[in-house]
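What follows is a single structure, written as structure tokens, with notes after it.
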Amino acid sequence: MSLMLLIEQVLNGLQLGVMLFLMASGLTLVFGVMGLINLAHGSLYMVGAFAAAWVAAATGSFLLALAAALAAAAAAGAIVEVVVIRRLYARDHLDQVLATFALILVFSEGTRWIFGSFPLYLNVPDYLAGPVTLPGGIEYPLYRLSLIGVGGLIACALYLLIARTRLGVQIRAGEADREMIAALGVDISKLYTVVFALGAALAGLAGALVGTIQSVQVGMGEPVLILAFVVIVIGGIGSIKGAFVGALLVGLTDTLGAFLLPQLFGAFMDVSSAAAVGSALASMLIYLLMAAVLFLRPRGLFGDTA
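For the sequence shown, the numbering used here assigns the number 179 to the initial residue and increments by one for each residue that follows.
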């Protein structure tokens, strides 16, 4: 096994981790502040990807595509919160699950009606295309490296927003005691709309950024949503720091497991069987990691912190 190839897989795991963080951070904000289980979060990821692909095809600008993804996902999130979600806060979690599952169907069929059933494609911009040479002579795609950097910057910005701004104080207070901040004059309905739109925008941005790596198609958000739920369970519900650490752990575990396990079993069986067995076990690793974390810390790694 080549050390350079291993380092490339570590970078791939970091890239997957920061993209999962964009999904999981919005999900953990919504659940932590509102106590809402939002299964439609993956649909907002899909909305961002389709908006980016459509704008990029129409204008040829990748930056405009990212702006469109943010705007479209945030707008969709705000509309959904006002029209549907606002009626679910006082309902139990089963009602929330059923209503947001229905939203998945609405978004899927609506997207198929607008864009058709065929996938769209979002190209990497020319200024981010090609490889870059890292120390040690490792060549790695510039775009994927940029995703790691962008994800890290967004994580820092989100932490500063939550920890150092007035809106962040209101969000943390709303998580701790929503009745008290409402009594102090904070418009709790407006706060919930802002939080939901912010979470939707982060999901839409993740969809747009990943849309250059895979095709943009209906239903693309659901597999990522499952991983995002694993992330927030590992990191701790309501914790941005937990979402970041959990996302990196899941990204690295998933990527390195898929890379190392087939090679490990290759010493005992033929290549095709080793690949099949290794891939099957690799898909289980993140759930074993989640089980181990919950056994040691039932509230997650940072479940008691912001």
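The C-beta atom is built at its ideal place from N, Cα and C for all residues, glycine as well.
- Take the alpha-carbon of A384 and the one of M201: they are about 7 Å apart.
- When Cβ pairs closer than 8 Å are counted between the two stretches, the stretch 376-390 is seen to touch the stretch 231-251, the count reaching three or more.
- The continuous beta strand (DSSP E) containing L312 extends over residues P309 to L312.
- The C-alpha of V409 is placed about 12 Å away from the C-alpha of L194.
- For the options Y305, A460, A379 and F209, the alpha carbon positioned closest to that of T433 is the one of A460.
- Between the C-alpha atoms of L472 and I412 there is a straight-line separation of about 7 Å.
- With fewer than 16 other beta carbons inside 10 angstroms of its own, R269 counts as exposed.
- In the DSSP assignment, Y318 forms a beta bridge with V310.
- The distance from the Cβ of L198 to that of V394 is about 18 Å, inconsistent with a contact at the 8 Å cut-off.
- With respect to the C-alpha of G416, the residue from S180, V188 and L214 having the closest C-alpha is L214.
- Between V262 and L281, the CB-CB gap stays under 9 Å.
- In this chain, the alpha helix (DSSP H) harbouring L387 covers I366 to V388.
- The C-alpha of F296 lies about 29 Å from the C-alpha of A454.
- Cβ-Cβ distances below 7 Å link S203 to L336, L380, I418 and A421 in the same chain, with the five nearest sequence neighbours on each side left out; the list follows chain order.
- Cα atoms of M398 and L205: separation of roughly 17 Å, rounded to the nearest angstrom.
- Within the stretch 199-230, not a single complete alpha helix (DSSP H) segment reaches 4 residues in length.
- Residue V402 holds the alpha-carbon nearest to the alpha-carbon of S221 among A469, V402, L426 and G424.
- Annotation: the continuous alpha helix (DSSP H) that includes A249 extends over F240 to V261.
- In this structure, V196 lies near V328, with their beta-carbon atoms less than 9 Å apart.
- Of the residues assessed, V258 falls on the buried side of the cut-off, its CB having 16 or more other CB atoms within 10 angstroms.
- The DSSP-derived three-state label of L266 is coil.
- Here DSSP, grouped into helix, strand and coil, assigns L298 to strand.
- Assigned with DSSP and collapsed to three states, V471 falls in helix.
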